[in-house]
Amino acid sequence: MEVDICKPEMLQKNAILVDGIILNGPIMDSRAGEKFVEEACKIIMEEVIQKADDVTEKVCEWQDPETLKQILDLEMRDAGESHQKLLQLCQDVIQYSVKTSHPRFFNQLYAGIDYYSLVARFITEALNPSVYTYEVSPVFLLVEEAVIKKMIEFIGWEEGDGIFNPGGSVSNMYAMNLARYKFCPEIKEKGLSGLPRLVLFTSEECHYSMKKAASFLGIGTKNVYFIKTDERGKMIPEELEKQVQRARKEGSAPFLVCATAGTTVLGAFDPLDKIADICEKHGLWLHVDASWGGSALISRKHCRLLHGIHRADSVAWNPHKMLLAGIQCCALLVKDNSGLLKKCFSAEAAYLFQQDKFYDVSYDTGDKSIQCSRRPDAFKFWLMWKALGTTGLEERVNRALALARYLVEEIKKREGFQLLLEPEYANVCFWYIPPSLRKMGDGPEFWQKLHQVAPIIKERMMKKGSMMLGYQPHQGKVNFFRQVVISPQVSREDMDFLLDEIELLAKDL
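See below:
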């Protein structure tokens, strides 16, 4: 390494040169950077926030991948781009991205915009914290603790523990690993060798993350027993009892049942009380994946959908879905308050979690997580909750389900629309039968032709940019639409538009 004091006439006075690099002063132009942020924020305000509820705007500006690559100029070069070019890129990114805050974005289990949550995200992005120790993230650790405590109250537990994770899939994986650790604590140090064949149970309608978690944790997807569901998509408790007994007779070791409160497609809620009875009888951990349906707990009218959830050992709940806390905002909540979560996941890294710090190290909660760096996701939910109050959150849930009920009644009135089933949550599943198929008999040819209708309508709506609505085949049924109501920006008029637009797009089919 070469260290020189540069001559004043050559460089700034007393400049230090190390390996040919001047070390005096910053190398960033703060004023230019601040100006860029200011101008970029203006674009965000004008092109995203102010247009969020404007139904005259397109939901998406469809381009095929190769064309979009050229528009965006994705190549990264040796020399940096000008701020003017970067601001144009920002505008292009906004223009060609899907507007998930648009009132007619119905495609996923998240939608809309909450302004308080958005400001919270701006703050955390600017502060760039990592939530593992109190010394580097004092505010956000206290916020997370307060939010988890409140969520636990709504589940109905007197006490508990929890942590925010990057997605409900990760929360489900945490729960699976936690249940396994509870069943055989030695696995943390000794691994899988010498263990009996561990099996878990979940419904045919469960989220696919259960299979992924079983694979990732070394349990194996063949050791996931999928329990039959009824015509509404709910787990059948009697079938669960049969499968538990079958596993025991096979010499396997059952350790976990994962029930679902709000399935992804049909929005079904498993009968938690009856499932809890079976879990208690056989000594099994009960996890409830309430990633989608958990927010119904906020509503005094609809919390009955999750009757019995207080008997669960763990719950996954995603406020970024129905409550609009912004992606990602996902909590795993655990009834145990003896430190089981930390015992299961801790690694006791000495450079982070020193026990001789000058403050109460119980606030250094990061060792409960499989992550090191972790985002302060609870903050956006907290600021939104502070702004709206529990009453405001409850109103969102009630209105979303009321709009779903309105849509259902309108579907029943219209020729060509056919419900799959009466929904109990915000998932409205239906077929659109175009005029050419309405007089055809109910046979294989009819269903084969109907299977092709939804993909064509979806393509047309996206290329037009008028709305986005999901479709899928499911459990032997041909392609049907799944309409999900979430955003408080959605109105009755948007429900009417959805049905009118489908008819318009399919008039020649």
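Taking numbering that gives the first Met the number 0, the leading residue of the sequence shown gets 0, the next gets one more, and so forth. Glycine included, each C-beta is placed from N, C-alpha and C at the ideal position. As the structure is a computational prediction, the values presented were derived from the model and not from experiment.
Where L199 is concerned, the enclosing beta strand (DSSP E) starts and stops at L197 to S202. Between Y424 and G232 a beta carbon distance of about 11 Å is seen, past the 8 Å cut, so the two are scored as non-contacting.
For the pair T123 and E157, the Cα-to-Cα distance works out to about 31 Å. Straight across, the Cα-Cα distance linking Y131 with L323 is about 25 Å.
Beta-bridge pairing by DSSP links F480 to F429 and Y470.
The beta carbon of G325 is closer than 6 Å to those of S116, R120, H319 and K379 in its chain, skipping five residues each way along the sequence.
Only residues of its own chain outside the window of five on either side were considered, and among them T99, F104, I485 and S486 have a CB closer than 7 Å to the CB of A110, listed in chain order. In this structure M75 is exposed. Its beta-carbon is surrounded by fewer than 16 other beta-carbon atoms within 10 angstroms. When secondary structure is reduced to three states using DSSP, H450 falls in the helix class.
Here A252 is bridged, per DSSP, to L197. Remark: C-beta atoms of D366 and K341 approach each other more closely than 8 Å. Nearest Cα to V483 within the set G161, A125 and V396: V396.
Per DSSP, H319 lies in no alpha helix (DSSP H) and is assigned neither H nor E. When C-alpha distances from E502 are compared across V477, M460 and D312, the shortest belongs to M460.
When the beta-carbon positions are compared, H286 and L255 come within less than 8 Å of each other. Setting aside the 5 residues that flank it on each side, V146 is surrounded in the same chain by A377, F380 and W381, each with a C-beta closer than 7 Å to its C-beta; the list follows chain order. For A174, the number of other beta carbons within 10 angstroms of its own is at least 16, and it is reported as buried. When rounded, the separation of the alpha-carbon atoms in L331 and G219 is 22 Å. Bounds of any beta strand (DSSP E) do not take in D113, whose DSSP letter is neither H nor E. Distance check between H450 and each of K462, Y470 and G440 places Y470 closest, using alpha-carbon atoms only.
By the Cβ-count criterion, S465 is buried, with 16 or more other Cβ atoms from all chains shown falling within 10 Å of its own Cβ. Judged by DSSP in its simplified three-state form, V58 adopts coil rather than helix or strand. Beta-bridge partners of V287 (DSSP): A258 and V314. For N171, the three-state secondary structure derived from DSSP is helix. Judged by DSSP in its simplified three-state form, D276 adopts helix. Looking at Q242, A246, D493 and E152, the one whose alpha-carbon comes closest to that of P195 is A246. The Cβ-Cβ distance between S170 and A315 falls below 8 Å. Taking every protein chain shown into account, the CB of L283 has 16 or more other CB atoms within 10 angstroms, so this residue is buried. For R413, the closest alpha carbon among the candidates L468, I432, G475 and T201 is that of I432.
Within the segment 344-413, no beta strand (DSSP E) run of at least 3 residues lies entirely inside it. Here G217 is near L191, since their CB atoms are less than 8 Å apart.
Only buried fits S290, as 16 or more other CB atoms lie within 10 angstroms of its CB.
Only buried fits Y180, as 16 or more other CB atoms lie within 10 angstroms of its CB. Between K211 and S251, the CB-CB gap reaches or exceeds 8 Å. For F496, the enclosing alpha helix (DSSP H) starts and ends at R491 to L504. The closest CA to that of H309, considering only I21, F153, Q94 and K438, is found on F153.
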